[in-house]
(Lines of atoms letter the chains of each structure in order from A; the text may use other names.)
(Lines give C-alpha, C1' and ligand atoms only; values in the text may rest on other atoms or scores of the structure.)
Protein backbone atom coordinates (compact mmCIF):
# COMPACT_ATOMS: atom_id res chain seq x y z
CA UNK A 8 0.00 0.00 0.00
CA UNK A 9 2.96 2.36 0.57
CA UNK A 10 3.82 2.20 -3.11
CA UNK A 11 0.27 3.26 -3.95
CA UNK A 12 0.23 6.03 -1.35
CA UNK A 13 3.46 7.50 -2.74
CA UNK A 14 2.25 7.45 -6.34
CA UNK A 15 0.50 10.12 -8.40
CA UNK A 16 -3.26 10.41 -8.00
CA UNK A 17 -5.62 8.71 -10.46
CA UNK A 18 -9.38 9.26 -10.45
CA UNK A 19 -12.40 7.83 -12.26
CA UNK A 20 -15.71 9.67 -12.72
CA UNK A 21 -18.87 7.99 -14.04
CA UNK A 22 -21.35 10.39 -15.63
CA UNK A 23 -24.59 10.21 -17.56
CA UNK A 24 -23.01 9.09 -20.84
CA UNK A 25 -19.71 7.45 -19.91
CA UNK A 26 -16.60 7.48 -17.74
CA UNK A 27 -13.57 9.77 -17.57
CA UNK A 28 -10.18 8.71 -16.19
CA UNK A 29 -7.66 11.33 -15.09
CA UNK A 30 -4.10 10.76 -13.90
CA UNK A 31 -1.44 12.90 -12.26
CA UNK A 32 1.73 11.63 -13.94
CA UNK A 33 4.64 12.88 -11.85
CA UNK A 34 7.68 13.98 -13.87
CA UNK A 35 10.76 12.29 -12.44
CA UNK A 36 13.15 13.83 -14.98
CA UNK A 37 12.94 16.61 -17.56
CA UNK A 38 14.83 14.32 -19.93
CA UNK A 39 11.95 11.84 -20.19
CA UNK A 40 9.70 11.90 -23.25
CA UNK A 41 6.05 12.85 -22.83
CA UNK A 42 4.81 9.30 -23.46
CA UNK A 43 7.08 7.78 -20.79
CA UNK A 44 5.51 6.00 -17.81
CA UNK A 45 1.88 6.47 -18.81
CA UNK A 46 -0.75 5.79 -16.17
CA UNK A 47 -3.69 5.05 -18.48
CA UNK A 48 -3.88 2.01 -20.77
CA UNK A 49 -6.17 0.25 -23.22
CA UNK A 50 -7.03 -3.34 -22.29
CA UNK A 51 -9.55 -4.04 -25.05
CA UNK A 52 -11.27 -1.75 -27.51
CA UNK A 53 -13.98 -0.92 -24.99
CA UNK A 54 -12.00 -1.31 -21.75
CA UNK A 55 -9.50 1.05 -20.15
CA UNK A 56 -7.31 0.85 -17.07
CA UNK A 57 -5.76 3.48 -14.83
CA UNK A 58 -3.37 2.72 -11.99
CA UNK A 59 -1.32 4.17 -9.17
CA UNK A 60 1.68 2.49 -7.61
CA UNK A 61 4.67 0.67 -9.06
CA UNK A 62 4.78 1.00 -12.84
CA UNK A 63 6.46 -2.38 -13.39
CA UNK A 64 3.79 -4.16 -11.33
CA UNK A 65 0.98 -2.34 -13.12
CA UNK A 66 2.37 -3.26 -16.54
CA UNK A 67 2.25 -6.90 -15.50
CA UNK A 68 -1.42 -6.49 -14.55
CA UNK A 69 -2.06 -4.79 -17.90
CA UNK A 70 -0.56 -7.77 -19.74
CA UNK A 71 -2.62 -10.23 -17.68
CA UNK A 72 -5.82 -8.28 -18.36
CA UNK A 73 -5.07 -8.05 -22.09
CA UNK A 74 -4.41 -11.79 -22.21
CA UNK A 75 -7.73 -12.51 -20.47
CA UNK A 76 -9.55 -10.23 -22.93
CA UNK A 77 -7.88 -11.83 -25.95
CA UNK A 78 -8.59 -15.39 -24.76
CA UNK A 79 -12.24 -14.55 -24.05
CA UNK A 80 -12.66 -13.06 -27.52
CA UNK A 81 -10.99 -16.09 -29.11
CA UNK A 82 -13.17 -18.54 -27.18
CA UNK A 83 -16.54 -16.80 -27.34
CA UNK A 84 -16.19 -14.50 -30.35
CA UNK A 85 -17.19 -11.36 -28.44
CA UNK A 86 -15.71 -8.72 -26.15
CA UNK A 87 -15.10 -9.66 -22.53
CA UNK A 88 -17.62 -8.21 -20.02
CA UNK A 89 -15.92 -5.94 -17.51
CA UNK A 90 -17.48 -7.79 -14.56
CA UNK A 91 -15.82 -11.02 -15.70
CA UNK A 92 -12.47 -9.32 -16.35
CA UNK A 93 -12.61 -7.61 -12.97
CA UNK A 94 -13.21 -10.95 -11.24
CA UNK A 95 -10.28 -12.56 -13.06
CA UNK A 96 -7.82 -9.75 -12.39
CA UNK A 97 -8.85 -9.36 -8.74
CA UNK A 98 -8.43 -13.11 -8.14
CA UNK A 99 -5.00 -12.96 -9.78
CA UNK A 100 -3.90 -10.07 -7.56
CA UNK A 101 -5.33 -11.75 -4.45
CA UNK A 102 -3.35 -14.93 -5.18
CA UNK A 103 -0.13 -12.96 -4.65
CA UNK A 104 -1.14 -12.23 -1.04
CA UNK A 105 -1.43 -15.91 -0.07
CA UNK A 106 2.21 -17.04 -0.11
CA UNK A 107 5.21 -15.84 1.88
CA UNK A 108 7.61 -16.50 -1.00
CA UNK A 109 6.07 -13.75 -3.17
CA UNK A 110 5.01 -10.20 -2.42
CA UNK A 111 1.64 -8.59 -3.23
CA UNK A 112 1.35 -6.29 -6.22
CA UNK A 113 2.31 -2.73 -5.40
CA UNK A 114 -0.47 -1.06 -7.36
CA UNK A 115 -4.19 -0.28 -7.35
CA UNK A 116 -6.10 -0.31 -10.62
CA UNK A 117 -9.28 1.24 -11.99
CA UNK A 118 -11.10 -0.67 -14.74
CA UNK A 119 -13.66 1.14 -16.92
CA UNK A 120 -15.92 0.16 -19.80
CA UNK A 121 -19.07 1.13 -21.69
CA UNK A 122 -21.35 -1.88 -22.17
CA UNK A 123 -24.96 -2.07 -23.35
CA UNK A 124 -25.17 1.74 -23.33
CA UNK A 125 -24.13 1.81 -19.67
CA UNK A 126 -20.81 2.93 -18.11
CA UNK A 127 -19.20 0.41 -15.73
CA UNK A 128 -16.28 1.00 -13.35
CA UNK A 129 -14.40 -1.11 -10.79
CA UNK A 130 -11.41 -0.55 -8.54
CA UNK A 131 -9.06 -3.27 -7.32
CA UNK A 132 -6.66 -2.68 -4.42
CA UNK A 133 -3.35 -4.57 -3.90
CA UNK A 134 -5.08 -7.20 -1.74
CA UNK A 135 -7.37 -8.15 -4.63
CA UNK A 136 -10.54 -6.66 -3.13
CA UNK A 137 -12.66 -4.97 -5.80
CA UNK A 138 -15.54 -2.49 -5.72
CA UNK A 139 -18.01 -1.11 -8.21
CA UNK A 140 -17.90 2.70 -8.24
CA UNK A 141 -19.62 5.86 -9.41
CA UNK A 142 -16.51 7.84 -8.54
CA UNK A 143 -13.15 6.69 -7.20
CA UNK A 144 -9.60 7.81 -6.47
CA UNK A 145 -6.29 6.13 -5.72
CA UNK A 146 -2.80 7.41 -5.05
CA UNK A 147 -1.17 9.84 -2.62
CA UNK A 148 -4.03 12.37 -2.61
CA UNK A 149 -6.77 9.73 -2.52
CA UNK A 150 -8.73 11.22 0.38
CA UNK A 151 -8.56 14.81 -0.89
CA UNK A 152 -9.66 13.68 -4.34
CA UNK A 153 -12.59 11.70 -2.91
CA UNK A 154 -13.71 14.78 -0.99
CA UNK A 155 -13.78 16.79 -4.22
CA UNK A 156 -15.54 13.98 -6.11
CA UNK A 157 -18.29 13.78 -3.48
CA UNK A 158 -19.17 17.42 -4.21
CA UNK A 159 -20.12 16.56 -7.81
CA UNK A 160 -23.52 15.40 -9.04
CA UNK A 161 -21.93 12.76 -11.24
CA UNK A 162 -25.09 11.29 -12.73
CA UNK A 163 -26.11 14.66 -14.18
CA UNK A 164 -22.80 15.45 -15.89
CA UNK A 165 -21.69 14.46 -19.39
CA UNK A 166 -18.19 13.22 -20.11
CA UNK A 167 -17.21 16.56 -21.65
CA UNK A 168 -18.20 18.23 -18.38
CA UNK A 169 -16.54 15.50 -16.33
CA UNK A 170 -13.27 15.99 -18.21
CA UNK A 171 -13.12 19.56 -16.89
CA UNK A 172 -14.04 18.48 -13.37
CA UNK A 173 -11.47 15.67 -13.42
CA UNK A 174 -8.72 18.03 -14.55
CA UNK A 175 -9.66 20.51 -11.81
CA UNK A 176 -9.50 17.80 -9.16
CA UNK A 177 -6.05 16.62 -10.27
CA UNK A 178 -4.74 20.19 -10.20
CA UNK A 179 -6.36 20.89 -6.81
CA UNK A 180 -4.91 17.82 -5.07
CA UNK A 181 -1.44 18.13 -6.62
CA UNK A 182 1.15 19.00 -3.95
CA UNK A 183 3.40 21.65 -5.50
CA UNK A 184 5.79 21.65 -2.54
CA UNK A 185 6.65 17.95 -2.76
CA UNK A 186 6.03 17.27 -6.47
CA UNK A 187 6.60 20.37 -8.57
CA UNK A 188 6.19 18.93 -12.06
CA UNK A 189 3.45 16.68 -13.41
CA UNK A 190 1.54 15.96 -16.60
CA UNK A 191 -2.21 15.52 -16.80
CA UNK A 192 -3.54 12.41 -18.55
CA UNK A 193 -7.19 12.18 -19.60
CA UNK A 194 -9.07 9.34 -21.26
CA UNK A 195 -12.72 8.38 -21.62
CA UNK A 196 -15.07 5.64 -22.73
CA UNK A 197 -18.50 7.01 -23.62
CA UNK A 198 -21.10 7.72 -26.29
CA UNK A 199 -18.87 10.36 -27.88
CA UNK A 200 -16.13 7.73 -28.36
CA UNK A 201 -18.64 5.17 -29.71
CA UNK A 202 -18.04 2.97 -26.68
CA UNK A 203 -14.27 2.83 -27.22
CA UNK A 204 -11.70 3.67 -24.57
CA UNK A 205 -9.36 6.36 -25.90
CA UNK A 206 -7.52 9.52 -24.99
CA UNK A 207 -9.82 12.51 -24.98
CA UNK A 208 -9.60 14.62 -28.18
CA UNK A 209 -6.97 17.37 -28.13
CA UNK A 210 -9.55 20.17 -28.05
CA UNK A 211 -11.35 18.59 -25.08
CA UNK A 212 -8.03 18.06 -23.28
CA UNK A 213 -6.87 21.65 -23.78
CA UNK A 214 -10.26 23.01 -22.73
CA UNK A 215 -10.23 20.90 -19.56
CA UNK A 216 -6.63 21.76 -18.69
CA UNK A 217 -7.16 25.48 -19.24
CA UNK A 218 -10.30 25.42 -17.08
CA UNK A 219 -8.33 23.69 -14.31
CA UNK A 220 -5.49 26.22 -14.47
CA UNK A 221 -7.93 29.14 -14.43
CA UNK A 222 -9.70 27.68 -11.40
CA UNK A 223 -6.37 27.33 -9.59
CA UNK A 224 -5.42 30.92 -10.42
CA UNK A 225 -8.80 32.15 -9.19
CA UNK A 226 -8.37 30.25 -5.92
CA UNK A 227 -4.83 31.57 -5.38
CA UNK A 228 -6.05 35.11 -6.16
CA UNK A 229 -8.83 34.89 -3.57
CA UNK A 230 -6.37 33.53 -0.99
CA UNK A 231 -4.06 36.49 -1.63
CA UNK A 232 -6.92 38.96 -1.16
CA UNK A 233 -7.84 37.33 2.15
CA UNK A 234 -4.31 37.97 3.39
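In this note's numbering, the protein residues as written are 8 to 234. Note that the Cβ used here is the ideal one computed from N, Cα and C, for glycine as well. Please read all numbers here as calculations on a predicted model, not as lab measurements.
The continuous stretches of beta strand (DSSP E) do not include residue 12, which lies in the alpha helix (DSSP H) extending over residues 9-12. Secondary structure remark: continuous alpha helix (DSSP H) runs of at least 4 residues inside the segment 95-176, in chain order: 149-156.
According to the DSSP secondary-structure assignment, residue 59 is paired through a beta bridge with 115.
At the C-beta level, residue 119 and residue 65 stay beyond 8 Å of one another. Put simply, the backbone Cα of residue 198 is about 28 Å away from that of residue 41. Annotated as proximal: residue 34 and residue 189, with beta-carbon spacing under 8 Å.
CA-CA distance, residue 84 to residue 182, rounds to 46 Å.
By the neighbour-count criterion, in which 16 or more other beta carbons inside 10 Å mark a residue as buried, residue 167 falls on the buried side.
Residue nearest to residue 159 within the set 19, 15, 217 and 12 is 19 (criterion: CA-CA distance).
With a contact defined as Cβ atoms closer than 8 Å, residue 27 and residue 193 qualify at about 7 Å.
As the crow flies, the alpha-carbon of residue 132 is around 16 Å from that of residue 47. Just so you know, the alpha carbons of residue 99 and residue 129 end up roughly 15 Å apart. Spatial neighbours of residue 215 in its own chain (CB-CB distance under 6 Å, excluding positions within 5 residues in sequence) are listed in chain order as 170, 171 and 174.
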